[in-house]
Structures are given as C-alpha cells and as structure tokens.
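What follows is a short report on a single structure.
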Amino acid sequence: MRFSQYYIPTLKEAPADAEVVSHKLLVRAGMIRKLTSGIYTYLPLGVRALERVSRIVREEMNKAGALEIFMPTVQPSDLWEESGRWQKYGKELLRFKDRNDRDYCLGPTHEEVVTSLLRGEIRSYRQMPINVYQIQTKFRDEIRPRFGLMRGREFIMKDAYSFDRDNAGADKSYEIMYRAYENIFRRMGLKFRAVEADSGAIGGNFSHEFMVLADTGEDVIAVATDGTYAANLERAEATYSGPEAPLSETAYEEVSTPDCPTVEAVCKLLNVPAAQIVKTMLYNADGEIVAALVRGDREVNEIKLKNLVGAVELNLVTAEEIAGVSAGNIGSIGPVGLNVRIFADLELLGGNDWIVGANKPDAHLIHVDFKRDAKIEAYKDLRQVQEGDPCPRGGGKLTLTRGIEVGHVFKLGLKYSEAMNAKFLDENGKEQFMVMGSYGIGISRVVAAAIEQNHDEFGIKFPPPLAPFQVSLLNLDIRSEKAVAKADEIYEFLESEGLETLYDDRDERPGVKFKDADLLGSPIQLVVGGKGLDRGIIEAKDRRTNEKFELSLENFKENFKKWQADVWAGWGL
RNA sequence: CGGAGCGUAGCGCAGUUUGGUAGCGCACCUGCCUUGGGAGCAGGGGGUCGCAGGUUCAAGUCUUGCCGCUCCGACCA
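FYI, my numbering numbers position 426 of the first sequence as 485, with every residue one higher than the one before it.
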C-alpha cells in the first residue's frame, strides 16, 4: 500500500481525554476515533489491525472444528426472560422498545440466542458435539467506560458456544478450545498466560482466563515460581498447612481502644503486629448477614466468600445493618457473642491468642481463642493471596503480576439448556439436556492489549502477526529516479514475499517519515535513500529492539530474508 | 451512585479573576524554498466560545437550568 494513497491521519499530540498508552497511540496512529464515551470508529489502519487479529482467531477456530455463524445484535426480551437474565443482568444490559412497545436489548453476549437457535436444530445426540462461533459487535453499558478500547461499551468479540451430549463430551470440547486459545495467542506473538479463573456455581477447574501480560493491566494474577500454577487473584487459593493451635488457657479480656476505627490504629495503640489482630467483616449475602474473619494484615476475597455461602449478591453491610447485629461500630465488631453465621479464614486455625473487636464502641478483646470463645461455622479459604504466599499445588511461592484479560473459556453445564429447555434424544431415546460451554476473545481488546504490552516512547511495536503492515518502506528521496526505481523494486519484492508493506512515497521530509514509521509500529522498517544507495546498502530497523542494520544490495533478497527471520525470531515466532 | 474537573477552529491550549474588536501552536490551502529524525518564509481559509434562558448599552467572561466528556472512589471494620 502506498502511503500517499492511503488514509493514516497521524497526530503529534494525543487527545486530552486519553489516559492509557494504548488509547493514546491508537488515536495518534490514526487507527481509531471516538464517537462518544466508550464507542469508537475504526479508521482504515484500525480495521486492518482488527482483521489481523480476526484472521488468526478464525483460522484456529476453524481448525478446532468450530463453525462460523452470525447472530443478531438486537435481541428480544422473551429469550432473556426465559434464561432469567432479563431481571438478573442489571444495568449493563441496554434495553429499549420498538414501535410496538416490545422490549429488546443489545446483545452483551449471545448464550440466549445461540441456545434458542440450537435447541431448534439439534434433535439427536448424533448431531453433537457442535461448536458454533461468531465475530461480532457486543454492547455492554459499562458503569464507567475507560481506557479506550480496553473497556469500551461497544466492542468486537469472538464468542463460541459448544454443545455436547454429556459432561465428558463437554470437558473434551473445553479442552479443544483451551488448546485453540493457546495456539491463537502464541501465534499472535503475545506474552500471555492462561490462568484459573473463578467459575462461580459450576465449580471445578472449568474456567480459564487468557491474560496478556502487561504492567498496565487491570487484573492481578498469581503465578507460582515454577510456573505450574497460575490463577486470577479472585480465584488463587490461599493455603494453611501449619499445625492447629491447642486450646488457650488464658481467658480473654476487654481493653479500651478509643478512636481506633482501623487495624493500623489498634496495632499502634496496643503495640502489636497486624498479624495478631483479626478483623470481622460483615456482609449482606442475599439478605442474610454473615461474618468473615481474616487476619488484620489480610484482605477478604469476596468472590470466595460469595461462592462459600452460595450468594448471588454480596455486599459489605451498611451502618444500619451493623446496628442490627452488633453493639459495636465499624472498627469494633468481633466474633465473640456475634449472632450470625461466622466463617473464618483457614489460617486462623493456627492461632489461639487473637485480638478482635468487642462488639461495643471503643473496645477490643485480647487473648481470644475462637474455638473456645466464638461460634465459627467453618474454617475456609477466605482471603486474598499475597505476594510470597505458598503455591497451593506445591509449585513454590506465588508472585503477583498484572495482565489484561483477552480470552475466557468457560464450562456452562446445564445453566442455559435447562432454563431454556434445550434437549435432545440420546441413544436410548431418552430426552437429555445439552451440556454447554462458552468461549470468548475480545478482538478489539487484543489490539489494545498488544499495544499495552509492546510500545515505547516513540510509538507502537506491533508483533508481526498483528501489525497492520509488517514492513514500513521509506523512500527518503522521491525526487531521485534511482531511489524511486529501487524503492519500487523492493516494494514489489516485499509484496511478492507476502509481506504487507506500507510504502511511504509521500512528498514529506525524512523526519516526518521516520516519526510516522516509529509511531505506526511496523516490526520492520526499510529505508531507501541517496546516502545508502551510494554505499550500496538499504538501511533496516528492527522496531522491537530499535537496532539498525545495513543490508547490502548485493544479494539483497537473501540478506533480507535472513535478517527478517532473525527479527521474527526475536518475537518468538 | 458519590466526589472533582473540563467543554473556545480538526487536535493541543490561552483568554473567564476585573464584561468592551475571537487568540496561540499544530494540522489544512496557495506560493517560494527545502529534503537523513515532525524545516523555513510569505499569504490565506476555518468559530452558533456545548445548548437554552436570564442580567446588561454590551456576555466566551456574570447568572440559572440542561447536555456532553474526563478523572477519582467504589466502603477491609
């Protein structure tokens, strides 16, 4: 593609409202423009990037046996009533009415539509397994859209749905998708990790998220030092393998702790480490008040607690709700004499001399032994893991690192098939529910994540498989017939090699071309100019390392191919 | 939802305190000149100052309401 005939409106400055680097660079590189909050138009170069991502996803999905379909964005409310999500989905579901006053929504995901489709198509176990997917626009009315393409309201997603006759089949479908996802992200040249994710009510290890590693990621993941275990922070297991403490012989007593609403303040006043204090967190779990106990230097993992009590909604209680169960206030709630279900974190088994709130203002209890002094319903893993915690699978210690969720594979089980009555006849002529799985990849988010992971102060560094153009070819000397002829020749060669090339033939000064090439991020830059030609060379730059090379015009094609292989190898390709 | 800020040319911003001719840089157009890291000179086009109302001889500036956008926070006892 000749730059002069293309449209790439690069900007020197990023728009004021862009906060994260991928957003700034996508706008500066002329790939996207914002229409309104969380909603973007893709310019030609942006579309190319999306296509690069989609192509890889399509190829691997097809290879894995999935079939591409295309479902509507506008969905009738009755389907959502059937699945129960019309009530449950909340405000992220954008709802509206048509002229006949019928309710519709814009699809934030397509379980309902696909289940309704396939329950009408699949009659027999012989028709399964089947996996259908689409690449399509989704709409989620996010509370706070931000970070450009990272968390938009309208975005492009690949979503696949598998249908199987039984659990074993569904597990197999899941496995196939998991492998396909590994292939997809490996092929893209991204540094990524599959991590165990929270799978809510379904349980088991049947949910994995695929994370692109980047310091700017919104998610935190825990990875074992030996690499065998990786999990989303929400899910990462905290273990306690120490001994159980014996019953204490010291009776607890009350101490006065005025003006101590925080663990930190209590520590300071009583001169004890936070690890000796246990905080009592009260939650409203679907209307029931429950207490969670964790050490003062730990944090409650609300997802774990939610799963433990089987709640749909879990929120910290309000001051009024506290008044209903404890005479204390925030800072002085404690488990002794507390008349709600109390769950304690596993590691609290290891102690019998805790400091807790006294359930009266400005007072704490010391020397508390929960087994003796409180009524604990269960000791479970309730806390968030921390850097350095032991790996739950014996893989050393856990390290916390950041990532961007770009893919999610999930075993749905019978959730939708039961709710929406999606049945088939098994080999015994008996009706069975289909066992489902769902598998998503945020196509537009992959583009943003690739940039978050790969950029520098000058611009984007696209991994070759995702780059809108693999090569930026700069002709610095468009008035020299010799240079033009040489540049044209190299352009032809590159295209014949299957390398998509952005040929900068504009009547611009060299500086402009260099800056634009760096900003746009093609992995390879080739420079044709009078100076080099006089010396019989073409200059080449590896955008990943910014290293410069001289490729001799003698045997140029071979020289180039060899060098290109090195550049690709640098990307792990 | 709560809190803060912003809205002036395509982009980045000044001007609002103290009401009095609509500005700067980039980008764009014309010409000259220039060509190895976002050149220079000269000339030029482009604005309902977010919208609506109010005060005033006069409103980008004061005032009221609305709209939009951005950021922060989502409560660890």
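Glycine included, each C-beta is placed from N, C-alpha and C at the ideal position. Keep in mind the model is a prediction, meaning the values are calculated, not measured.
Leucine 532 versus tyrosine 101: straight-line alpha-carbon distance, rounded:
24 Å
Where glutamate 598 sits in the DSSP three-state scheme
strand
Using a 10 Å radius around the Cβ and a threshold of 16 neighbouring Cβ atoms, would you call valine 40 buried or exposed?
Any property of residue 40 remains undetermined from this structure, which presents the chain solely from 60 to 632.
Relative to the C-alpha of proline 167, which residue among Lys419, Thr196, Arg182 is closest?
Thr196
Looking at the structure shown, is leucine 407 part of a helix, part of a strand, or coil, going by DSSP?
helix
Chain-order list of residues whose beta-carbon lies under 8 Å from that of glutamate 127 (same chain, five-residue window excluded)
Arg117, Met120, Asn121, Val191, Tyr192, Gln193, Ile194
In terms of residue numbering, what span does the beta strand (DSSP E) encompassing tryptophan 413 cover?
413-416
Please determine if the segment 210-217 and the segment 231-239 are in contact, where contact requires at least 3 C-beta pairs separated by less than 8 Å.
no
Should glycine 580 go down as buried or exposed, given a rule of 16 or more other Cβ atoms within 10 Å for buried?
buried
Give me whichever residues DSSP pairs with arginine 158 in a beta bridge.
Answer is none; arginine 158 lacks a bridge partner.
Considering only residues of the same chain and omitting the five flanking positions on each side of isoleucine 181, which have a CB-CB separation below 8 Å?
Met187, Ile189, Phe222, Ala481, Phe483, Met493
Could you tell me which of Ser96, Lys93, Pro103, Ala77 sits nearest to phenylalanine 62, measuring between CA atoms?
Pro103
On the DSSP bridge list, what partners appear for serine 175?
The partner list for serine 175 (beta bridge, DSSP) is empty, contrary to what the question assumes.
Segments of 4+ residues assigned as alpha helix (DSSP H) that fall wholly inside the segment 210-255
226-246
Beta-carbon proximity check, alanine 297 vs aspartate 440, cutoff 8 Å
yes
Are the beta-carbon atoms belonging to leucine 553 and methionine 60 less than 8 Å from one another?
no
Arginine 538 lies in the alpha helix (DSSP H); which residues open and close that run?
Taken as a continuous stretch (DSSP letters only), arginine 538 belongs to no alpha helix (DSSP H), as it is neither H nor E.
In chain order, what residues of the same chain have a beta carbon less than 8 Å from the beta carbon of leucine 306, not counting five sequence neighbours either side?
Asn411, Asp428, Lys430, Arg431
What residue range does the beta strand (DSSP E) around phenylalanine 492 cover?
490-492
For lysine 600 and arginine 461, I'd like the C-alpha separation in whole angstroms.
30 Å
Report back the beta-carbon spacing between leucine 249 and glutamine 512 to the nearest angstrom; my notes put them in contact at under 8 Å.
6 Å
Would you say the segment 336-343 touches the segment 387-400, given that touching needs at least three Cβ pairs under 8 Å?
yes
Bridge partners - leucine 397, DSSP secondary structure assignment:
DSSP, once it has assigned bridges, lists no residue as partnering leucine 397.
Round the Cβ separation of methionine 479 and glutamate 141 to the nearest angstrom and send it over; I've been treating them as touching at under 8 Å.
5 Å
Within 10 Å of its beta-carbon, does phenylalanine 521 have 16 or more other beta-carbons around it, so buried, or fewer, so exposed?
buried
Count the C-beta pairs between the segment 307-327 and the segment 388-402 that are closer than 8 Å, then say yes if the count reaches three, no if not.
yes
Give me, in chain order, the residues of the same chain whose beta-carbon lies closer than 7 Å to that of serine 539; leave out the 5 immediate sequence neighbours on both sides.
Gly589
Please say whether isoleucine 98 and arginine 246 have beta carbons closer to each other than 8 Å?
no
Burial state of tyrosine 66, where buried means 16 or more other Cβ atoms lie within 10 Å:
exposed
On the criterion of 16 or more Cβ atoms from any shown chain inside 10 Å, does glycine 472 qualify as buried, or is it exposed?
buried
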